[in-house]
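Novice: My structure is below; once you've seen it, I'll send some questions.
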Amino acid sequence: MTAPTQELRPSRADGHEPAVRLDAVSKVYGRELLALDRVTLSVDRGEFVCLLGASGCGKSTMLNLVAGLDHATAGEIDTGAGRIAMMFQEPALFPWLTVSANIELALRVTSSAKSTTRRERRERAAELLEMVHLGGLGAKRPHELSGGMRQRVALARALAQDADVLLMDEPFGALDAMTRDLLHDELERIWRERELSVLFVTHNVREAVRLGDRVVLLSSRPGTVIEEYPITLPRPRRTDSGEVAGLASAITDRLRQEVLRHAQPAQRPGATGTGK
Amino acid sequence: MTAPTQELRPSRADGHEPAVRLDAVSKVYGRELLALDRVTLSVDRGEFVCLLGASGCGKSTMLNLVAGLDHATAGEIDTGAGRIAMMFQEPALFPWLTVSANIELALRVTSSAKSTTRRERRERAAELLEMVHLGGLGAKRPHELSGGMRQRVALARALAQDADVLLMDEPFGALDAMTRDLLHDELERIWRERELSVLFVTHNVREAVRLGDRVVLLSSRPGTVIEEYPITLPRPRRTDSGEVAGLASAITDRLRQEVLRHAQPAQRPGATGTGK
Amino acid sequence: MTADLSQHIAGLDALELSHRERRSVAARIWARTWPMFSAILLVLAIWEVVVLTGWRPEYVFPGPVTVLGELWNRLGEAEFYDAVAVTIRRAITGFAIAVLVGLVIGAAVSRVRPLRAAFGSLITGLQTMPSIAWFPLAILLFKLSESAILFVVVLGAAPSIANGLIAGVDYTPPILLRAGHILGLRRLALYRHVILPASLPSFLSGLKQGWAFAWRSLMAGELLVIIAHQTSIGEQLDNARELSDAPGLMAMMIVILVIGIVVDMCFGAADNALRRRWGLDQRVG
Amino acid sequence: MTADLSQHIAGLDALELSHRERRSVAARIWARTWPMFSAILLVLAIWEVVVLTGWRPEYVFPGPVTVLGELWNRLGEAEFYDAVAVTIRRAITGFAIAVLVGLVIGAAVSRVRPLRAAFGSLITGLQTMPSIAWFPLAILLFKLSESAILFVVVLGAAPSIANGLIAGVDYTPPILLRAGHILGLRRLALYRHVILPASLPSFLSGLKQGWAFAWRSLMAGELLVIIAHQTSIGEQLDNARELSDAPGLMAMMIVILVIGIVVDMCFGAADNALRRRWGLDQRVG
Amino acid sequence: GGGGGSSSGGGDGAAKTEVRLGFFPNITHATALVGIKKGFFAKALGSNVTLKTASFNAGPAATEAIFSDAVDATYIGPNPAINAWSKSKGQAIKIVAGAASGGVFLVVKDGINSVEDLKGKKIATPQLGNTQDVAVRYYLQEKGLKTDTKGGGDVSIVPQDNAQTLQTFATGDIDGAWVPEPFASRLVTESKGKILLNEADLWPNKQFVITHLIVRQQFLKEHPDLVKKLIEAHVESNAYIQSDPAGAKEAINAELQDLSGKPLKQEVLDSAFKNITFTNDPIASSLVGSADHAQKIGLLDPVDLNGIYDLTILNEVLAAKGQQAVSDK
Ligand SMILES: Nc1ncnc2c1ncn2[C@@H]1O[C@H](COP(=O)(O)OP(=O)(O)OP(=O)(O)O)[C@@H](O)[C@H]1O
Ligand SMILES: Nc1ncnc2c1ncn2[C@@H]1O[C@H](COP(=O)(O)OP(=O)(O)OP(=O)(O)O)[C@@H](O)[C@H]1O
Ligand SMILES: [Mg+2]
Ligand SMILES: [Mg+2]
């Protein structure tokens, strides 16, 4: 089931331009913290790629680079002409706007929606809120919501953008299993309908297998791609199905090795995992 | 395996005072949002209670009430004389302090540690950082850490407080499965050693079963206790063991019912889940 | 369930909310005003005691009775209200212009890097320039007109407002900037939808400081020229001083204080509204 | 792995970091100063052009050459340096006292609710009081001494500093307050370890505004008392105006501007350090 | 050279319809106060020209206004006039008439009975380098007492604003003051000061200028007719003050009440009024003498006051009224 990167890549680069392409991308923070080390990865159009990796291995960094929020220290990133939407690891809602207004702002900027009226936007925002099971809470302010509710608003806002590429950083981390399942279905539906390209960071291996066309494993600091798993299970998949569980446990094992390799030095005081 | 609240309670109230006791506690936000509805719950000394519930059902609210950060609208809360430590849903680190200083501040305030010197505190902070696998990162500032790393610093800070009652709000939400496993072990060890009473909020049912002496299920808005499961599996338990998985799936089913009950109205526009 | 719920809340209401409600009608106003009243009484008492000790002769340091009497006299004169009206009109006009100028300058300087390097520090430099230094230029540009006074007021207040905005921009949480950037907001749109609202608290405190600068500059500026028998607070204050009219001076100081306090309360109300909306009013315990 | 890593970073260094490094020695200073130099040149050029058009006679609106010549003359006189030294000493002393007073008042008012209700708005009220209104009181209290000047300066600056602190306290994120509370920090300790550092940005901007107030009050206050053998910037500025000495006035204005700019740069450096430490300097794109 | 400025904004040019006149709300400016209150200026200018008045609280603002073409003429003290003349190198203004003389006193507190007693005392003056400041320093120098511009020497000279002088004298922070009316009278009546010296005693004929009327040179050149009308009103006003002191005092207080909301106390007004002579003679000798003194004690760079006066119109007006001509020497 595990297939090394080399074998996989050629089969994907067969003709059409990928939606996102990272070519030997490295990122150094400050003077000496190497967060990403020559990462090469591409996401095809309409592909759903899940990113797995230990805490602090550089997943968020990678998403920031792809989104153009930060500059790579070396290497090249190409996102073509597609519009990019992103869900941050934190909800990052605007505290001065109501929940609905947060989403409306995204709708307003979206070029295709420029001509929409205010009322249309409000209705669309209400629909999106219904979709994330927050119907009727549009008038609340972000601080009046629970952690998971905020995360769902952020999801609604990202979906409101109507982008071609969707970057998601642990979007369902603060949700209970059931709400998560429901949102998996919604996300999959939208991904299909809109033919989105998705780069999806998660710590939940089952979630990755449930959603992804491909699961990419990053090593710990510095982050590099160590493994890619194409997921060929037929959709719709269920998180609690045996196949998903099986595949997930195989990936988990590989991940476990990786995390352990990194976690080891921490037991010995003095030897640190940073590039010092 | 499921046991209704009534049967369980008497067996627990047999003589000694609980560490935390909530008696018919209700919480109304603003004018009409009933977040908690007559919640009655107690955590014995040295007990590890896990709290499960849908997103937005009032778990964080409950922890805030217990911690004395907010006032209950009705009902009584008794936390005895024990010191309370809390890990918030967000890391809530002080951005102006280094990682180490954040932890040292907690050490400094702890009464038993009043007489410690600065150097001792620094060493202790370094130990705690090692424990959460962040050895050598003490000099960093919070904004230089990844989401999961910040969460672990918050954990270290909470543990540094040396409290009798530990309230944890999704403490491992942003961590990969492996790091999470390692930290489960650490937490269990410390809980035993210090005879902590823990109230632990999570969305990961397995995690709850892995760690808890008892798992409490909250219904959706308004939050009420709908079920309590004593977990009698022998320790040490393993998250991926069959027994844990079995018990977890039973609890998940019950939770699923509850979440579905709540999620339903959201499909019909107009009917909202708030108390409007 | 919904019915049950609202019933339950109604029950809680009876317990708690309505109690709070009742408090909010009379007692809350009282709770907000008694400290002020007692503070005023305290100050008056101390003042009277100092005067009674005979520390300084009454004509140099008059007691509260004299001063309040003088104030009462002035309150009885139509001229006083003219003065207040003239000064407040000038203050509001000047402040409004200063807000506009400050906003534009602050916006430009905070976001355009070369502008900031070029003029950033100049703003504080201008802020420290005493009003009298501008008088010759004001007269040169605007002759002896109301505009000359406004010029001095704007030069006094605009830097403060710009600085408030710049500080707000500088301390906008990067994550919100990133969120705005991802939403496709750029330049002006980013400014309008993210940076400006995020800077609001700091901008508000800049406005408050700007008001103080505007008012002080106005007090000085009103001495620059007295146009066709138009009296003003600044002029009356200076007259009282020129005439060594201690009770008159103190009466005018009280007037200025009261106006300042009223304005502060307006800013305070705006500030509280803002904090409530942002959820910053949740206090611990 | 560590060796490999540092090697790799060394490779990146060659590509990027060292490049950045090299920039930071000379080019970065240049990048920070050229806009300022061009701004100065631009201003001088516009000024000269306006003068050349003969808009106003030279004795009313002298050109840059005259003014800079006058400045140069003054720079050649020992008296000028005495004046600057005296004024700066007073400014620093007064400001230091004002910071202390402002801190204490701000801390008390921001946390003790009745105090706030009683005196909160008074702070802005005091801020709007023009310096001249305090002169009689200053002299009553301190006679004709340096302390009278400092009194005016402190009364000018302290409210601003207190207001900055109060604004900072009001906008402290509630989650940090809660975190502090949970850590067992109460009252003074909470203040010291959480509220004060969280308010630092706002406090810093209050300090900056306070400096401007202090300086302006000082310029006015220096006319209050002319103490034996001490000349001062405020006095020289006023003398230039009394003597209708336009070049002298403008030269002194330049001196005040330059001092203001230098002070702003100090605040700016503190501000940048703070923002870097807090991670607020990460900009987008 | 006519000021060099273009005739922008202010209404210079052929059809001038308003004259802008400045003055201070001050008893030494009684000529203006009475002239305005009694309508002498308005009457003289006729119905086609309106009078716009501006009151200043100090000399610099008046000078700035003259320089900036914001007023056409203003009443002003000798010092700002000299400054305006010297800073503009004789281009900005002309003195066209005198207004008042005298009314400056050295008031001291009890226990000081002679000049010798001033040693080691603090004496206030209104402003460093102004007429009174120069006068006191020159006087002390003549009497062998040293002073310097920084408050040192045998007698400490403290330049401060007159209002502050009232306060500091009352609280005993200063021992005396060399001040003009009405402050001299106020020090006497309110703070029990006593007059040690009348400055008039130091001048020939006991006359020295305290207020005069200056006009912009350009205005003078372009509208000599209007200047003449102003001077006619000025002369009429002074004549009225001399002929009907009671009515003049009433007018003065009424105008002060209008301007600053507070009239002078009757006793202060009486005493001050008595001490000032309202005269059309600019007493040129005292201006030159004062400048000379200022140069001698190092407070003024050498300045050539030749040409600062243009009294031809005044003398025309006086001649028409059958009065004696005044001299600019
Ligand atoms: N702004 C920054 N400055 C300095 N170092 C940073 C910065 N942001 C991230 N890092 C470092 O880069 C590494 C990768 O961080 P990143 O946030 O990408 O991790 P992550 O994979 O998203 O982890 P997590 O799963 O915990 O969110 C970490 O070691 C972190 O300390
Ligand atoms: N400060 C507040 N003001 C108003 N309503 C609030 C506030 N805090 C929470 N609520 C509401 O109370 C309810 C419970 O919130 P709480 O944060 O306790 O949920 P939670 O169980 O922690 O959810 P999650 O798992 O998503 O964190 C939610 O409906 C939320 O909207
Ligand atoms: Mg991350
Ligand atoms: Mg929560």
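Chains as they are written, first to last, in our numbering: chain L, 5 to 280; chain X, 5 to 280; chain E, 2 to 286; chain W, 2 to 286; chain D, 16 to 344. Each residue gets a CB set at the ideal place from its N, CA and C atoms; glycine is no exception.
Which chain D residues sit within Cβ distance under 7 Å of W/Leu72?
Specialist: Residue 72 of chain W sits at position 71 when you count from the first residue of the fourth sequence. Those do not exist, as W/Leu72 stays about 17 Å from chain D at its closest Cβ, beyond 7 Å.
Novice: Give the interface partners of W/Lys209 over in chain E, defined as CB-CB distance under 9 Å, in chain order.
Specialist: What you label residue 209 of chain W is simply residue 208 of the fourth sequence in a count that begins at 1. Residues of chain E passing the Cβ test: Thr125, Gln128, Asn164 and Ala168.
Novice: Is W/His182 near ligand 1, in the sense that its beta carbon is under 7 Å from a heavy atom of that ligand?
Specialist: Counted from its first residue, the fourth sequence places residue 182 of chain W at position 181. Flag unset: Cβ of W/His182 not near ligand 1.
Novice: Exposed or buried, W/Ser39, counting other C-beta atoms within 10 Å across all chains shown (16 or more means buried)?
Specialist: Looking up residue 39 of chain W in the fourth sequence gives position 38. W/Ser39 is classed as exposed because its beta carbon has fewer than 16 other beta carbons within 10 Å across all chains shown.
Novice: Which residues in the same chain have their Cβ closer than 8 Å to the Cβ of W/Gly121, if we skip the five residues on either side of it in sequence?
Specialist: Translated into the one-based positions of the fourth sequence, residue 121 of chain W becomes position 120. If we look at W/Gly121 and ignore the five residues flanking it on each side, its Cβ neighbours are Val110 and Ile167.
Novice: Counting only beta-carbon atoms, is D/Ala47 nearer than 8 Å to chain A?
Specialist: Protein chains in the displayed structure are L, X, E, W and D, and chain A is not among them.
Novice: Show which residues of chain W have a CB atom less than 7 Å away from the CB atom of D/Ser83.
Specialist: Indexing the fifth sequence from 1 puts residue 83 of chain D at position 68. Simply Val61.
Novice: Where E/Glu22 and X/Gly34 are concerned, what is the direct C-alpha to C-alpha distance, given to the nearest angstrom?
Specialist: Here residue 22 of chain E corresponds to residue number 21 of the third sequence, with the count starting at 1. Here residue 34 of chain X corresponds to residue number 30 of the second sequence, with the count starting at 1. Because the pLDDT at E/Glu22 is just 48, under 50, the model does not fix this residue reliably, and the value given afterwards should be weighed accordingly. Taking the straight line joining both Cα atoms gives about 12 Å.
Novice: Between W/Gly60 and D/Gln310, how many whole angstroms is the CB-CB distance? I'm expecting something under 8 Å.
Specialist: The count along the fourth sequence starts at 1 and reaches residue 60 of chain W at position 59. The count along the fifth sequence starts at 1 and reaches residue 310 of chain D at position 295. Before going further, note that residue 60 of chain W is Tyr rather than Gly in the sequence given. In fact, because the Cβ distance is near 20 Å, the residues do not count as touching under 8 Å.
Novice: In this structure, does DSSP put X/Glu148 in helix, strand or coil?
Specialist: On the second sequence, residue 148 of chain X is found 144 positions in, with the first residue counted as 1. DSSP places X/Glu148 in helix when its eight states are reduced to three.
Novice: Between E/Gln128, E/Ile124, E/Gly126 and E/Val155, which lies nearest to E/Ala139 when the distance is taken from Cα to Cα?
Specialist: One-based indexing of the third sequence puts residue 139 of chain E at position 138. Nearest option by C-alpha distance: E/Val155.
Novice: Give a yes or no on contact between the region 242-249 of chain D and the region 139-147 of chain D, applying the rule of three or more CB pairs nearer than 8 Å.
Specialist: Contact between the region 242-249 of chain D and the region 139-147 of chain D is absent, because fewer than three Cβ pairs lie under 8 Å.
Novice: Is DSSP giving W/Glu22 helix, strand or coil here?
Specialist: Start at 1 with the first residue of the fourth sequence, and residue 22 of chain W comes out as number 21. Note that W/Glu22 has pLDDT 48, beneath the 50 cutoff, so the model's placement of it is unreliable and no number is given.
Novice: Of all the options X/Val213, X/His75 and X/Leu37, which has the alpha carbon lying nearest to the alpha carbon of X/Glu192?
Specialist: The count along the second sequence starts at 1 and reaches residue 192 of chain X at position 188. Answer by Cα proximity: X/Val213.
Novice: Output the distance between the C-alpha atoms of L/Gly140 and X/Val219, rounded to the nearest integer angstrom.
Specialist: What you label residue 140 of chain L is simply residue 136 of the first sequence in a count that begins at 1. What you label residue 219 of chain X is simply residue 215 of the second sequence in a count that begins at 1. Going from the Cα of L/Gly140 to the Cα of X/Val219 covers about 31 Å.
Novice: Could you spell out where the beta strand (DSSP E) holding X/Thr44 opens and where it closes?
Specialist: Within the second sequence, residue 44 of chain X is the residue found at index 40, counting from 1. It spans Leu37 to Val47 - the beta strand (DSSP E) in which X/Thr44 sits, taken as one unbroken run.
Novice: How many angstroms separate the CA atom of E/Val113 from the CA atom of W/Thr34?
Specialist: Locating residue 113 of chain E in the third sequence gives position 112, where the first residue counts as 1. Locating residue 34 of chain W in the fourth sequence gives position 33, where the first residue counts as 1. Cα to Cα, E/Val113 sits roughly 15 Å from W/Thr34.
Novice: Going by the beta-carbon positions, is the gap between D/Asp190 and D/Val149 smaller than 8 Å?
Specialist: As a position in the fifth sequence, residue 190 of chain D is number 175, starting the count at 1. As a position in the fifth sequence, residue 149 of chain D is number 134, starting the count at 1. No.
Novice: In the DSSP assignment, what are the bridge partners of D/Lys109?
Specialist: As a position in the fifth sequence, residue 109 of chain D is number 94, starting the count at 1. In the DSSP output, where bridge partners are listed per residue, D/Lys109 has D/Val230.
Novice: Verify whether the separation of the beta carbon atoms of D/Ala88 and D/Leu302 is less than 8 Å.
Specialist: Working through the fifth sequence from its first residue, we reach residue 88 of chain D at position 73. Working through the fifth sequence from its first residue, we reach residue 302 of chain D at position 287. No, they are not a contact pair.
Novice: Below 9 Å between beta carbons is the criterion; list the residues of the region 207-232 of chain L that meet it against any residue of chain X, in chain order.
Specialist: His207, Asn208 and Val209
Novice: Considering only residues of the region 112-142 of chain D, which uninterrupted beta strand (DSSP E) runs meet the minimum length of 3 residues and lie entirely inside it, listed in chain order?
Specialist: 119-123 and 137-140
Novice: From the DSSP output, which residues share a beta bridge with L/Met91?
Specialist: Translated into the one-based positions of the first sequence, residue 91 of chain L becomes position 87. L/Met91 is bridged to L/Met172.
Novice: Check whether the region 108-115 of chain X touches the region 158-177 of chain X, counting contact only when three or more Cβ pairs, one atom from each stretch, lie closer than 8 Å.
Specialist: yes
Novice: Compare the C-beta of W/Gly157 against all C-beta atoms of chain X and say whether one is closer than 8 Å.
Specialist: In the fourth sequence, residue 157 of chain W corresponds to position 156, counting from 1. Judged by the 8 Å Cβ criterion, W/Gly157 is not in contact with chain X.
Novice: Ignore the nearest five residues each way along the sequence and tell me which others in L/Asn106's own chain have a CB closer than 8 Å to its CB.
Specialist: Stepping through the first sequence from its first residue, residue 106 of chain L is reached at position 102. Here the set comprises Leu97, Phe98, Pro146, Val157 and Arg161.
Novice: Just to confirm, is the Cβ distance from D/Glu270 to D/Ile51 under 8 Å?
Specialist: Position 255 of the fifth sequence, counted from the start, is the residue given in the question as residue 270 of chain D. Position 36 of the fifth sequence, counted from the start, is the residue given in the question as residue 51 of chain D. Yes.
Novice: Spell out whether any CB of chain W is found under 8 Å from the CB atom of X/Trp195.
Specialist: Working through the second sequence from its first residue, we reach residue 195 of chain X at position 191. No, X/Trp195 does not count as interfacial toward chain W.
Novice: Which residues are close to ligand 4, meaning CB closer than 7 Å to any heavy atom, in chain order?
Specialist: L/Ser150, L/Gly151, L/Gly152, X/Lys63, X/Ser64, X/Gln93, X/Asp173, X/Glu174 and X/Val205
Novice: For ligand 2, I want to know if L/His147 counts as a neighbour, meaning its beta carbon is within less than 7 Å of at least one of the ligand's heavy atoms.
Specialist: For this step, residue 147 of chain L is matched to residue 143 along the first sequence. Yes, the beta carbon of L/His147 sits closer than 7 Å to at least one heavy atom of ligand 2.
Novice: Taking beta-carbon pairs under 7 Å, can you tell me which members of the region 59-72 of chain X lie near chain L?
Specialist: Ser59, Gly60 and Ser64
Novice: Give me the Cα-Cα distance between E/Pro175 and W/Ile162, rounded to the nearest whole angstrom.
Specialist: Position 174 of the third sequence, counted from the start, is the residue given in the question as residue 175 of chain E. Position 161 of the fourth sequence, counted from the start, is the residue given in the question as residue 162 of chain W. The straight-line gap from Cα to Cα measures roughly 27 Å.
Novice: For a test of your reading of the model: does the CB of L/Ala178 fall under 7 Å from any non-hydrogen atom of ligand 2? Yes or no.
Specialist: Position 174 of the first sequence holds residue 178 of chain L. Yes, the beta carbon of L/Ala178 sits closer than 7 Å to at least one heavy atom of ligand 2.
Novice: Would you mind stating whether L/Leu171 and L/Leu203 have Cβ atoms separated by less than 8 Å?
Specialist: Taking the first sequence and counting its residues from 1, the one referred to as residue 171 of chain L is at position 167. Taking the first sequence and counting its residues from 1, the one referred to as residue 203 of chain L is at position 199. In this structure, L/Leu203 lies closer than 8 Å to L/Leu171 by Cβ.
Novice: Cβ of D/Ser305 less than 8 Å from any chain W Cβ?
Specialist: As a working note, residue 305 of chain D is residue 290 in the fifth sequence. No, its Cβ sits nowhere closer than 8 Å to a Cβ of chain W.
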